[in-house]
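Written below as C-alpha cells is the structure these notes are about.
Residue numbers (the working numbering), protein chains in the order written: chain A, 720 to 1496; chain B, 32 to 169.
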C-alpha cells in the first residue's frame, strides 16, 4: 500500500537540481549506502563521483561524525539502528504504512523525522562544512555547505540581544516590523529587506521595508496569492528559510538522476540547497535581484508573513547568520502575536469607549437618534465604515457615504423581510441583494442591527467595494529596456484574477465590530424600553389623576354643596320666620348671604360640568346643527322675553361629534351672544357655517359689546371674566367649557372681536375622526 | 313608637328636617342615627334580640354615610325578613343616575333629592307626612 508520501514529489518532473554553493549526498536506508551525489561534489571535496556512488557513507564522512549521525538518527527515528542484543546488523525496516510492534505507523515516524533537521560540522579533505541531514521518503538527504566567516557564539548572542531588545521596545506592530527590517539589514547589508504580510486569501502586502537609498520603495506593494501556492507555504512553514545565492549560477544535477533500485527521483521538497524554480528566478531577474533569503514568520502556527531579503549581487549568508535570522523571525512571531493582541485589545477598548459615549449621549435626553448623530462621537466612529444609516421613528437619517434615501429604504425593507438575525454582516451584499450592485462604491458590505422588526427599524454601517480602496501595483522592472516579460504578464493575469476574486467585496467586518454593534443594539433597545416604561408610568399617573378628579368632582357635588344648601335654607328660614324681628339693614344682609350662597352653588355646578367633559364617554355621530341651534335659541329667548333679538341663521353643515356636548357648546356660545348684546338696542345674531374636505366650521356672530384684542385668548380661561358681575352675570366658565368641548373633539375654537362692534366665535370640528379614535384607543 | 328614623351624618340637614316636621305639625316622633354602623346596630344589634326596639314607621336614609354606606344599610334592611317591610326613602344630595338606579335595585321605596330651596323642603315634608298618614290608614 502506497501512501501519497511515498511517491516522489517533483513538481516539474525534471531532474532534481541544487544550487552550486554546497553539495548533496543521498543515502539509502537503513544501510547508509550512497545512492546520489551532486555533480559538483568533486569541486567541493576533491572526491570523484564514481568513487562515492554505491559505497557506504563512511567513505565520505569521518568516523566521529558518522557515529554522531547514526546515534542522532537512532534517537530520532524508531527502529533505525536497534542497539539491543549487541547486534551489529540493523534490522529491516517494516513495510510501508504497516504498524510495527511499537504501534507507531511509518507515516507518523516519517513526519517526526521530517520535522527534525540535524546539523553537524564535518571536515572533508581539510575543508569545514555544515552538514544538515533529514530523512524524506525513506532516503537520508545530506546537504553540505562550506563554513565561511561564521559567527562566533559571542557574536551571535550579542546580535541576538541587540535585536530582541529592539523588538521589545517597539510600540506598535508597524514600528516593530520596520525597525527589525532595518536592524537585520545593518547586520547583513542586504540591498533590501522587506516584511510581507499575508491576507486571508494569501495575497501578500509589503508592510515594512529597509533598503539601499537609491532603490525605489516596494512598501505597500501587493503580491497575488498565486505567487505563494500551498506547496511553497508548506515549505516555509516547515523549514523556515530558503536562500538563493545567485540566480545566474547554473544549478547542478544529482547523479544518477533516478534511483537505480527504486526508480524514483529523490524528493528535495525539504532541501535547503534545492535550486529556485524557473518562475522564481524569472521574477528575481525582472526586478534585478541576484540573491535572496526568505524566512517565514508564523503566528498561531499559521504562516503570518515572510521576511524577504534581496541583494542585487550574488550573496551567500552563512548558516550561523541564517540561524540568527531564523531566531529573530521566531522572536518576531511571538511579538507580532503579542502586539496584535494588545492592538486588538486597544481597539476593543477604543470601541468600548466610543460605545459608552454613544450610550451617554443617547441617555442625555433619552433620544436615540440625537445621541447617535448630534454629538462629537457619532455612530460612524463605532466601526471602520464610510457611511451609516439610522431608520428610527419613521425617519431615515444618512451619515457619510451611503446609498440614496430611496435605495437605503429599499435595502431596509429587504433586510426586514429576508434576514432573520438581529445582527447581520456581509462583505458581499451584491451576492444576496442584487440591487446593491448599483451602489457598490458606497455599500458593497453592510453591518446591520435591527432595533425593531415589527417597525422595521435598523442601524446600518456601510463599506465600499475593496477595489475602490486598494491600489495594486507590481514591482517595476529593473531597467527601462526590459519590457514586460512573462513574469510581469503572469503578474498582470494574477492581478486580474485577484480583481475578479474580490469583485463586489468590501473588507470583511471584524468580530469586535459585530460585538460592538450588538452592544449598541442592546443599549438602543434599553433606551426604547425605558422610554416606553416612562410613557406607561405617565399614562398610569394620568389614569390616577383622572380617578382622583372624578372623586373630587363627586366630593364637590355632594360634600361641598351640603353646607351651602344648609346656609341657604337657614337664611331662608330667617327671612321667612323672623323678618318681623329683623330691621331692613339685617334683611338686606340676609339677602346678600342668600345670593352669595346661590352664586357659589352655580359656580360648583359649572365647575362640575367643566370637569366632566373630559371624562364622559363620547358617542360620535353625524347630525345637523340647525335643530340644536333652534332649540338653544328658543330656550334662551324665554329667559329674556322682553328683548327683541333678530336671528339670521344661514345654511349649516352637518357636524360629527357627541350630540349632548355639541348641544352644550352651542348653548354656551349662543347664551354668550345673547348676554353681551343686551345693552344693544337692535340685537343681531348671525349663525352660519361651511364644510371643507377635512373639517366643518361654524360661527356665531353678534353685534354686542365686544372686547379688546388682547383678551382674545384669555376669554377661554376658567373663571376669567372681562366684565363685573353687576354688568353681566355669570361664573366665567361658559367659554372654558366650550373650549374644552371643542378640544375633546380635536377641533379648534377662536374669537374675533372689536369693542362695541361685536364678537364672532368660530368653531372647527374634524369631519370624521373614526380612524383617529381607533388609533388612540 | 317612632314615626321616622333619619340616618344622616349632616346634623344641619337633620336640624332643618326635624324643625320643618314640627313646624308643619307632621310628627315629633323622630329619631336620628349618625352613620350606617349605628343604623345596623339599631336594627340588628344583640341588644335587640332579647328586648326588641320598636321598628320605625318609615326610614329616611342618606347614601353617603361614614363607616357603612347607605346602600349597605338599605341592602341589609331589604334582605332581612324582620325589616324588609319598613318603607325606606333615600334622601340624598346626589342626583346621579347610577345612584338612583342602584337604590331602586336594592329595594328602596322612594328616592328624594335634597332640595336647594327651603320652599321645596317644606313641600317634601308635606309629602312625607301624607306618605305615612296613608300608611297609618292601612
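Even glycine gets a Cβ: it sits at the ideal position worked out from N, Cα and C.
Note that this is a predicted model, so its numbers are computed, not measured.
- As DSSP reads the structure, residue 775 of chain A sits in a beta bridge with A:752.
- Along the segment 1284 to 1305 of chain A, going in chain order, the ones with a CB nearer than 8 Å to a CB of chain B are 1284, 1285, 1287, 1288, 1289, 1291, 1292, 1295.
- Comparing alpha-carbon positions, the option among A:1064, A:1476, A:1018, A:1396 lying closest to residue 1055 of chain A turns out to be A:1018.
- Residue state for residue 951 of chain A is assigned as helix, using DSSP reduced to three classes.
- Cβ proximity to chain A below 7 Å picks out 41, 43, 44, 47 from the segment 41 to 68 of chain B.
- Taking CB atoms only, residue 1280 of chain A has a neighbour in chain B less than 9 Å away.
- What residue 149 of chain B touches in chain A, judged by beta-carbon distance under 8 Å, is 1287, 1288, 1291, 1292, 1295, going in chain order.
- Against chain B, the CB of residue 1338 of chain A has no partner CB under 9 Å away; the residue lies outside that interface.
- Under the three-state reduction of DSSP output, residue 159 of chain B falls in the helix class.
- When B:57, B:128, B:132, B:38 are compared, the shortest CA-CA separation from residue 122 of chain B is found for B:38.
- Leaving aside the five residues that flank residue 126 of chain B on each side, the residues in its chain whose CB is nearer than 7 Å to its CB run, in chain order, 144.
- Each of A:1438, A:1370, A:1395, A:1396 was checked against the Cα of residue 1408 of chain A, and the nearest Cα belongs to A:1370.
- Contact check for residue 118 of chain B against residue 162 of chain B passes: the beta carbons are separated by less than 9 Å.
- Residue burial annotation: residue 1400 of chain A is exposed, with fewer than 16 other C-beta atoms found within 10 angstroms of its C-beta.
- Proximity of residue 1320 of chain A to chain B, defined by a Cβ-Cβ separation below 9 Å, is satisfied.
- In the DSSP secondary-structure assignment, residue 1305 of chain A is not bridged to any residue.
- Under the DSSP definition of a beta bridge, residue 1166 of chain A partners with A:1144, A:1180.
- With distances taken between CA atoms, residue 1283 of chain A lies nearest to A:1319 out of A:745, A:1395, A:1319, A:1257.
- Here residue 752 of chain A has 746, 773, 774, 775, 776 as same chain residues with Cβ atoms under 8 Å from its own Cβ, once five neighbours each way along the sequence are excluded.
- When Cβ-Cβ separations below 9 Å define contact, residue 131 of chain B makes no contact with chain A.
- In the structure shown, residue 960 of chain A adopts extended strand secondary structure according to DSSP, grouped into three states.
- Under DSSP, residue 1013 of chain A takes part in a beta bridge, and its partners are A:961, A:1027.
- For residue 74 of chain B, the enclosing alpha helix (DSSP H) begins and ends at 67 to 75.
- Straight across, the Cα-Cα distance linking residue 1229 of chain A with residue 912 of chain A is about 31 Å.
- One finds nothing in chain A with a Cβ atom closer than 9 Å to the Cβ of residue 91 of chain B; even the nearest lies about 15 Å away.
- Taking 9 Å as the threshold, the shortest C-beta distance from residue 1276 of chain A to chain B falls below it.
- Using a Cβ distance threshold of 9 Å, residue 900 of chain A and residue 929 of chain A count as a contacting pair.
- The Cβ atoms of residue 839 of chain A and residue 856 of chain A lie no closer than 9 Å to each other.
- Taking a Cβ-Cβ cut-off of 8 Å, the neighbours of residue 95 of chain B in chain A comprise 1277, 1278, given in sequence order.
- Nearest Cα to residue 987 of chain A within the set A:1287, A:742, A:1304, A:1307: A:742.
- Going by DSSP, residue 1470 of chain A is part of the beta strand (DSSP E) stretching over 1467 to 1473.
- Listed in chain order, the beta strand (DSSP E) runs fully inside the segment 111 to 144 of chain B are 119 to 123, 141 to 144, counting runs of at least 3 residues.
- Taking a beta-carbon distance threshold of 9 Å, residue 35 of chain B does not count as an interface residue toward chain A.
- Within its own chain, the residues whose Cβ lies closer than 6 Å to the Cβ of residue 931 of chain A, once the five positions on either side in sequence are excluded, are 910, listed in chain order.
- The alpha-carbon of residue 1279 of chain A is positioned some 27 Å away from that of residue 140 of chain B.
- Excluding its 5 nearest sequence neighbours in each direction, residue 62 of chain B has C-beta neighbours in its own chain below 6 Å: 33, 36, listed in chain order.
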